[in-house]
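A quick write-up on the structure given underneath.
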Amino acid sequence: MRHGRWRFLAGALVPALVLHAVFVLSPYAQAFYLSLTDWTGVAGEARFVGAGNYARLGGDSLFLHAVRNNAVMLVVVPLVTIGIGLFLASMMHLGGRGGRRGIAGSGAYQIVYFFPQLLSLVVIAVLWGFVYNPNNGLLNGALRSVGLEGLTRSWLASPSLALIAVMAVLVWSSVGFYVVLFSAAIDSIPRELFEAALLDGAGGWATFRTVTFPLMRESVHVAFVYLGIAALDAFAVVQVMTVGPGGPDGATEVIGLSLYRNAFQYGKFGYASAMGVALFFATLTLAVLALRSGRKERLELA
């Protein structure tokens with residue numbers, strides 16, 4: 688019986704582990720190796736250069752621009768998206784009188800907010816490219832129609848506005864999913880807690896601060912990890928929307944775009960692999976720190 692059980696487990700797990708090693712772990716290992724070479728992508732052999740590619744990263748001004756822009760996105764996109772998502776979810780569930788009844792039509796609002804999730808990022812980037820068009824775009828057209836023509840701008844051609852415009856698209860495309868996620872987290876909180884807070888005379892903000900947010904903190908941590916990963920990438924939106932792409936003057940350059948350009952335009956696959964490895968460790972560090980922070984808070988609450 689025991690040997691038969693182990694044979695069954697081995698037969699079930701070994702094929703999955705082999706596939707995981709071949710299609711997941713092997714590409715990672717190849718990327719780490721290529722980052723130590725000067726492979727061009729077409730040459731039959733790759734010369735080993737050690738840490739030379741990583742040393743070059745520190746002197747690459749365009750890559751440093753990309754790191755700076757990704758760092759700004761890493762702070763702004765998760766904070767703004769989570770803030771808006773929490774506000775909308777709270778208003779839909781806690782906006783009415785008497786506990787957790789919420790506002791009328793909250794289910795319909797969730798459906799509307801979730802609509803952008805049905806579109807791919809490429810389609811969203813194309814649509815918002817038309818919105819930001821300086822001549823006949825929807826945004827400038829709306830400003831002109833209400834007499835605010837002085838506020839019209841070339842949104843994606845201005846170094847000071849281009850990154851903000853890109854981040855606004857990332858927030859718009861993501862917030863609906865997190866409204867639904869936070870709504871589900873609020874639904875899982877026992878109604879009696881809200882009723883007790885109401886009986887104690889707590890207002891909307893006090894209820895959110897002392898009841899709602901502490902009990903959905905884990906969902907917020909998960910949201911921060913996913914949004915942080917999206918902010919560290921942002922390749923598709925920048926590639927489609929911006930001039931250059933990555934312009935003007937590197938104002939919207941991101942690590943993923945630098946990686947793509949060096950690999951497929953300049954034929955520097957080894958150097959691009961070093962960028963990919965750096966992005967991998969940055970993403971891994973973000974996830975570990977966020978999850979450890981969440982674990983620490985759960986232990987303190989316990």
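Start counting the sequence shown at 688; every next residue gets the next number (the numbering used here). Glycine is no exception: its CB is placed at the ideal position from the N, C-alpha and C atoms. All values reported here derive from a predicted model rather than from experimental measurement.
Judged by DSSP in its simplified three-state form, Thr939 adopts coil rather than helix or strand.
Setting aside the 5 residues that flank it on each side, Ala812 is surrounded in the same chain by Val924, Val927 and Met928, each with a C-beta closer than 6 angstroms to its C-beta; the list follows chain order.
For Leu978, the closest alpha carbon among the candidates Ile942, Ser945 and Ala910 is that of Ala910. Contact annotation: Glu836 and Leu843 have beta-carbon atoms that are not nearer than 8 angstroms. For Thr897, the three-state secondary structure derived from DSSP is helix.
Residue environment analysis places Gly957 among the buried positions, since at least 16 neighbouring C-beta atoms fall within 10 angstroms of its C-beta.
Closest in C-alpha terms to Pro714, from the list Ala969, Val964 and Leu976, comes Val964. In the DSSP assignment, Phe735 forms a beta bridge with Thr724.
In this structure, Ser945 places its C-beta atom within 8 angstroms of the C-beta atom of Leu749. The continuous stretches of alpha helix (DSSP H) do not include Phe951, and DSSP gives it neither H nor E. Within the same chain, Cβ atoms closer than 7 angstroms to the Cβ of Ala776 are found at Val866, Phe869, Ser870 and Ile873, the five residues on either side in sequence being excluded.
In summary, Asn757 is buried, with 16 or more beta-carbon neighbours lying within 10 Å of its beta-carbon over all protein chains present.
Assignment of Asn823 by DSSP, reduced to helix, strand and coil, places it in the coil class. Counting the other CB atoms within 10 Å of its CB gives Ala852 a total of 16 or more, which places it among the buried residues.
Per the Cβ contact rule, the segment 888 to 907 is not in contact with the segment 725 to 738 (fewer than 3 Cβ pairs under 8 angstroms). Excluding the 5 residues flanking it on each side, Trp726 has same chain C-beta neighbours closer than 6 angstroms at Ala733, Phe956 and Gly957, in chain order. Burial check for Phe710: the Cβ neighbour count within 10 Å stays below 16, so the residue is exposed.
Note that the segment 930 to 945 does not touch the segment 876 to 884; fewer than 3 beta-carbon pairs, one per stretch, sit closer than 8 angstroms.
Under a 10 Å Cβ-count criterion, Asn827 is classified as buried, with 16 or more other Cβ atoms of the shown protein chains found around its own Cβ.
With fewer than 16 other Cβ atoms inside 10 Å of its own Cβ, Asn822 counts as exposed.
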